[in-house]
Amino acid sequence: MLCRSSSADADTAPKPEQKAKPFTLKQEFSLHISTSTSCKDFQTYWDENKTRLPILASCARRYNCASTTSVASESAFSVAGYIDRKQ
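Read in order, the letters of the sequence shown correspond to residues 695 to 781 in the working numbering.
In structure tokens, the structure reads:
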């Protein structure tokens with residue numbers, strides 16, 4: 695005897711997973727505001743939330759990458775002063 699699937703079997707068959715629709719920028723801001731109240735350092739927060747908040751994480755990487763040292767600026771002023779004296 696051949697097995698035939700019933701309509702009930704077809705309804706309960708596993709369906710391929712659908713990817714969640716990405717958040718809009720406004721939704722990411724809302725989620726960021728609600729999750730950023732916990733006391734975490736900057737790097738840890740964005741490491742944990744870079745997949746949930748990809749737009750904001752990209753902005754954070756781009757605009758918050760300033761050097762924490764003043765050596766480069768001090769060196770530039772020193773070189774500028776040296777060049778000015780030479781002239």
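We treat Cβ as the ideally placed atom computed from N, Cα and C, and that holds for glycine.
Practice task
Measure the C-alpha to C-alpha separation of Gln737 and Cys753 and round it to an integer number of angstroms.
Solution key: 13 Å
Practice task
Could you pull the start and end residues of the alpha helix (DSSP H) that Leu725 belongs to?
Solution key: 719-729
Problem - Sequence-distant residues of its chain with Cβ nearer than 8 Å to Pro716 (five each side left out) - result: Pro748
Practice task
Please confirm whether Asn743 and Thr731 have their CB atoms less than 9 Å apart.
Solution key: no
Problem - C-alpha distance - Leu725 paired with Ala714, whole-angstrom precision - result: 15 Å
Handout entry: Limits of the unbroken alpha helix (DSSP H) element including Ala754
Key = 748-757
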